[in-house]
DNA sequence: AGCACGCCGACT
DNA sequence: GTCGGCGTGCTC
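In this note's numbering, the protein residues as written are 299 to 921.
(1) Quick one: Cα of residue 476 to Cα of residue 409, how far?
(2) Measuring alpha carbon to alpha carbon, tell me which of 588, 470, 616 and 807 ends up nearest residue 605.
(3) What residue range does the beta strand (DSSP E) around residue 914 cover?
(4) Would the beta-carbon of residue 493 fall within 7 Å of that of residue 460?
(5) Nearest to residue 580 by CA position, among 543, 858, 849 and 559, is which residue?
(6) Any idea which residues DSSP pairs residue 366 with across the strands?
(7) I'd like to check one pair, residue 640 with residue 741: are the Cβ atoms closer than 7 Å?
(8) For residue 705, which of helix, strand or coil comes out of DSSP?
(9) Ordered along the chain, which non-local residues of its own chain (more than five positions away) have a Cβ less than 6 Å from that of residue 551?
(10) Among 814, 749 and 405, which has the Cα closest to the Cα of residue 523?
(11) Just curious, the alpha helix (DSSP H) that residue 635 is in, first and last residue?
(12) Return the first residue and the last residue of the beta strand (DSSP E) that residue 838 is part of.
(13) Just the C-alpha distance for residue 870 and residue 909, rounded to the nearest angstrom, thanks.
(14) Taking the alpha-carbon of residue 800 as reference, which of 769, 840 and 395 has the nearest alpha-carbon?
(15) In the DSSP assignment, find the unbroken alpha helix (DSSP H) run with residue 900 in it and report its ends.
(16) Check whether the stretch 890–909 touches the stretch 828–842, counting contact only when three or more Cβ pairs, one atom from each stretch, lie closer than 8 Å.
(17) DSSP three-state label for residue 645, please.
(18) Compute the Euclidean distance between the alpha carbons of residue 572 and residue 719, then round it to the nearest angstrom.
(19) Decide if residue 828 is buried, meaning its Cβ has at least 16 other Cβ atoms within 10 Å, or exposed.
(20) Rounded to whole angstroms, what's the CA-CA distance from residue 533 to residue 480? Just pull it up for me.
(21) With DSSP as the reference, label residue 586 as helix, strand or coil.
(22) Which residue comes first and which comes last in the alpha helix (DSSP H) that contains residue 290?
(23) Could you check where the alpha helix (DSSP H) with residue 385 kicks off and where it finishes?
(24) How big is the Cα-Cα spacing for residue 833 and residue 594?
(25) Just to confirm my understanding: we take residue 323, look at its own chain, exclude 5 residues before and 5 after, and list those with CB closer than 7 Å. What are they?
(26) Count the other CB atoms within 10 Å of the CB of residue 755; is the residue buried (16 or more) or exposed (fewer)?
(27) Taking the alpha helix (DSSP H) that residue 727 belongs to, which residues open and close that run?
(28) Could you give the uninterrupted runs of the alpha helix (DSSP H) lying entirely in the stretch 751–811, keeping only those of 4 residues or more?
(29) Using the Cβ count rule (16 or more neighbours within 10 Å means buried), how would you classify residue 325?
(30) Counting C-beta neighbours from all protein chains within 10 Å, is the total for residue 852 16 or more, i.e. buried, or is it exposed?
(31) Can you pull the DSSP bridge partners for residue 549?
(32) Can you find the residues in the same chain that come closer than 6 Å, C-beta to C-beta, to residue 784, ignoring five residues on each side of it along the sequence?
(33) Taking residue 875 and residue 865 to be in contact with their CB atoms under 8 Å, please state how far apart those CB atoms are, rounded to whole angstroms.
(34) Expressed to the nearest angstrom, what Euclidean distance is found between the alpha-carbon atoms of residue 308 and residue 403?
(35) What is the rounded straight-line gap between the Cα of residue 723 and the Cα of residue 738?
(36) What does the alpha-carbon distance come out to for the pair residue 692 and residue 655?
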């Protein structure tokens with residue numbers, strides 16, 4: 299009976315997104331196994347192509363003319379059955395192809411690395427003591443799917459999230475199972491590594507990060523496939539191999555870096571939720587402030603929350619003004635004078651750029667709806683709320699000249715820089731990011747997400763643009779602001795004061811208590827009433843041109859009338875946005891894939907390497 | 001993606 | 001009568 303291999307290719311092409319059958323020659327039958335890379339003749343030219351072995355069967359194929367595998371090109375499996383199942387399931391959910399996800403799951407091959415791997419010694423870690431336990435570890439015994447809020451100010455006492463993660467992963471290791479830790483960006487990766495290395499766990503840890511050299515990634519991939527260890531990395535590590543995976547830890551799922559920017563636009567949270575199910579692993583999402591998706595998962599009893607207690611700073615809320623009130627000013631003054639550090643978080647242009655009058659420094663507002671005005675990417679004055687573009691009327695003080703509040707030039711930050719010449723002023727932002735500071739009389743002005751840590755923690759944290767961040771005209775402005783504030787607050791020392799500028803009503807009340815969970819839950823409740831994500835999901839299909847877009851609308855006419863989805867109004871004329879329920883997700887993804895595949899074949903605008911339609915099953919930016 | 005097949009217009 | 005344009009479709 300001939301042995302037949304099922305082969306897949308790492309290709310985004312939907313036409314190639316299936317298994318191809320090849321005969322296994324006798325000389326290779328003993329070597330080959332699931333997940334091996336092989337060379338096969340493919341296509342009319344019979345050229346060699348690299349494929350992955352995704353199944354072996356000795357059932358005689360119904361096809362007559364099977365070609366044979368030419369050669370094997372890996373020394374061990376580079377893809378587990380679980381990883382393949384994950385790629386399938388993510389592709390189905392995201393309206394993508396299994397093939398394009400295989401290229402995320404399988405690194406480039408280096409022959410030199412295979413030699414090194416083959417001759418490497420087996421590293422064994424001597425665990426001198428029984429590993430330490432923690433509240434999180436104990437909680438996981440009874441609640442395998444958990445949302446964890448670590449101590450808000452735990453960084454200084456050593457009970458911050460990095461050490462919580464390392465302890466949990468080490469506990470899993472000592473029970474003979476691997477773990478997988480996924481972090482939003484390199485700053486968090488560095489903090490996790492710091493905690494990992496301080497316990498001397500380098501030898502059992504495998505990093506899966508695009509910043510590493512290709513050969514390093516390949517080596518770690520081989521170790522992770524064959525050894526129990528602690529695997530970690532940024533979002534693409536969600537697909538990394540992990541032998542006998544027992545625990546998945548995800549930090550700050552609300553951070554936008556967890557969303558893959560190319561098709562099929564998956565999110566670490568959703569990939570890992572599926573992975574935890576497939577591999578029967580324990581699953582922890584942790585953050586200082588939950589995402590609304592986390593609140594939903596708790597509400598439907600998929601996650602059980604665990605909130606660590608601990609000291610909190612003082613909280614005050616001041617009036618919205620471009621000058622600080624006297625009390626806040628005095629707090630900052632005292633901190634600087636006594637050699638302590640102050641953090642000022644200011645919004646970036648992308649968060650809430652607006653225009654100030656050069657004379658009276660009032661924020662210029664729209665004459666129609668009184669929302670703030672900004673300069674849009676095409677250079678026009680445009681209202682942020684009603685989107686009308688108007689000639690800018692004179693300010694109430696009579697002057698017409700304006701200046702934009704841009705990165706690093708928040709009025710409050712400028713005022714502080716002038717008022718405290720004795721302070722060392724430092725700026726940190728996405729492009730020019732500070733990470734760790736020694737402390738002293740520092741005035742650190744930072745954009746959200748770029749805040750450096752300071753030795754001993756900040757004495758004052760000023761959330762200068764709180765009101766403006768929340769007011770940004772985006773669905774997720776509130777929850778994302780809360781996430782950014784919580785992360786900034788977590789850098790404070792226990793007796794510090796946090797000042798939120800311009801908050802009112804229930805949000806003011808919540809922030810006086812640092813009740814980030816309660817504030818996001820309120821946001822979620824509002825969205826349930828409005829039937830907006832994450833109560834529903836929103837997909838978008840963007841066409842390269844109007845004609846293809848019109849064809850799509852015609853093709854989907856019966857779907858749009860069926861009531862299974864609702865079409866949403868969006869700015870881009872070539873984008874179709876659809877609102878749908880979680881239970882309809884798989885079916886809709888399948889329908890959109892099939893429809894766009896069909897239309898792509900006859901599209902006139904088809905260019906090599908370019909997609910005529912881009913499907914995003916969870917477009918977080920479309921509204 | 002490649003690559004070949006195939007069915008219409010311009011050329012020795 | 002043949003050469004070649006790239007639209008359509010397949011690759012185990």
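The beta-carbon is built from N, C-alpha and C at its ideal position, and this holds for glycine as well.
In short, the structure shows the following:
(1) Sequence index remark: in the first chain, residue 476 carries index 178 (1-based). Sequence index remark: in the first chain, residue 409 carries index 111 (1-based). So the alpha carbons of these two residues sit roughly 26 Å apart.
(2) Along the first chain, read from residue 1 onward, the residue named residue 605 stands at position 307. The residue with the shortest Cα to Cα distance from residue 605 is 588.
(3) If you number the first chain from 1, residue 914 lands on position 616. Residues 911–914.
(4) Translated into positions along the first chain, residue 493 becomes position 195. Translated into positions along the first chain, residue 460 becomes position 162. Yes, these two residues count as a Cβ contact at 7 Å.
(5) As a working note, residue 580 is residue 282 in the first chain. Of the listed residues, the one whose Cα sits closest to residue 580 is 543.
(6) In the first chain, residue 366 corresponds to position 68, counting from 1. In the DSSP assignment, residue 366 is bridged to 321.
(7) Mapped onto the first chain, residue 741 falls at position 443. Mapped onto the first chain, residue 640 falls at position 342. Contact flag set, yes.
(8) As a working mapping, residue 705 is identified with position 407 in the first chain. Note that residue 705 scores a pLDDT of 36, beneath 50, so its modelled location is shaky; the value from the coordinates is reported in the next line. Under the three-state reduction of DSSP output, residue 705 falls in the coil class, being neither helix nor strand.
(9) Taking the first residue of the first chain as 1, we reach residue 551 at position 253. For residue 551, where only same-chain residues beyond five positions count, the Cβ hits under 6 Å are 567, 583 and 589.
(10) Taking the first chain and counting its residues from 1, one reaches residue 523 at position 225. For the residues 814, 749 and 405, the minimum Cα distance to residue 523 belongs to 405.
(11) Position 337 of the first chain, counted from the first residue, corresponds to residue 635. Here the alpha helix (DSSP H) through residue 635 covers 624–635.
(12) Against the first chain, residue 838 aligns to sequence position 540. 835–841 is the span of the beta strand (DSSP E), which, as asked, contains residue 838.
(13) In the first chain, residue 870 corresponds to position 572, counting from 1. In the first chain, residue 909 corresponds to position 611, counting from 1. Cα-Cα distance, rounded: 17 Å.
(14) Here residue 800 corresponds to residue number 502 of the first chain, with the count starting at 1. Measuring from the Cα of residue 800, the nearest candidate turns out to be 769.
(15) On the first chain, position 602 is the one that residue 900 refers to. Here the alpha helix (DSSP H) through residue 900 covers 883–900.
(16) yes
(17) The residue labelled residue 645 in the question sits at position 347 within the first chain. Coil, per DSSP.
(18) Residue 572 sits at position 274 when you count from the first residue of the first chain. Residue 719 sits at position 421 when you count from the first residue of the first chain. One C-alpha to the other measures close to 54 Å.
(19) The residue you call residue 828 lines up with position 530 of the first chain. Result: exposed.
(20) Taking the first chain and counting its residues from 1, the one referred to as residue 533 is at position 235. Taking the first chain and counting its residues from 1, the one referred to as residue 480 is at position 182. Whole-angstrom Cα-Cα distance: 6 Å.
(21) Start at 1 with the first residue of the first chain, and residue 586 comes out as number 288. In this structure, residue 586 counts as coil in the three-state DSSP scheme.
(22) Summary: the structure shown does not reach residue 290, with the chain confined to residues 299 through 921, and so no result is reported for it.
(23) Here the question's residue 385 lines up with position 87 in the first chain. From DSSP, the alpha helix (DSSP H) with residue 385 extends over 379–392.
(24) Against the first chain, residue 833 aligns to sequence position 535. Against the first chain, residue 594 aligns to sequence position 296. About 7 Å.
(25) The residue given as residue 323 occupies position 25 in the first chain. Around residue 323: 366 and 367.
(26) Within the first chain, numbered from 1, the residue matching residue 755 stands at position 457. With 16 or more Cβ atoms within 10 Å of its Cβ, residue 755 is classed as buried.
(27) On the first chain, position 429 is the one that residue 727 refers to. Careful: residue 727 lies outside any alpha helix (DSSP H) and carries neither H nor E.
(28) 764–768, 775–787 and 803–810
(29) As a working note, residue 325 is residue 27 in the first chain. It is exposed - the Cβ of residue 325 has fewer than 16 other Cβ atoms within 10 Å.
(30) Here residue 852 is taken as the residue at index 554 of the first chain, counted from 1. The residue in question, residue 852, is exposed, as its Cβ has fewer than 16 Cβ neighbours within 10 Å.
(31) The sequence position of residue 549 within the first chain is 251, counting from 1. Per DSSP, 584.
(32) Along the first chain, read from residue 1 onward, the residue named residue 784 stands at position 486. 586, 587 and 814.
(33) Walking along the first chain from the start, residue 875 turns up at place 577. Walking along the first chain from the start, residue 865 turns up at place 567. About 7 Å; that satisfies the 8 Å criterion.
(34) Reading the first chain from its first residue, position 10 is the one you call residue 308. Reading the first chain from its first residue, position 105 is the one you call residue 403. Each residue's Cα considered, the two are about 9 Å apart.
(35) On the first chain, residue 723 is found 425 positions in, with the first residue counted as 1. On the first chain, residue 738 is found 440 positions in, with the first residue counted as 1. C-alpha separation (whole angstroms): 11 Å.
(36) As a first step, residue 692 must be located in the first chain, where it is residue number 394. As a first step, residue 655 must be located in the first chain, where it is residue number 357. Approximately 9 Å, taken between the alpha carbons.
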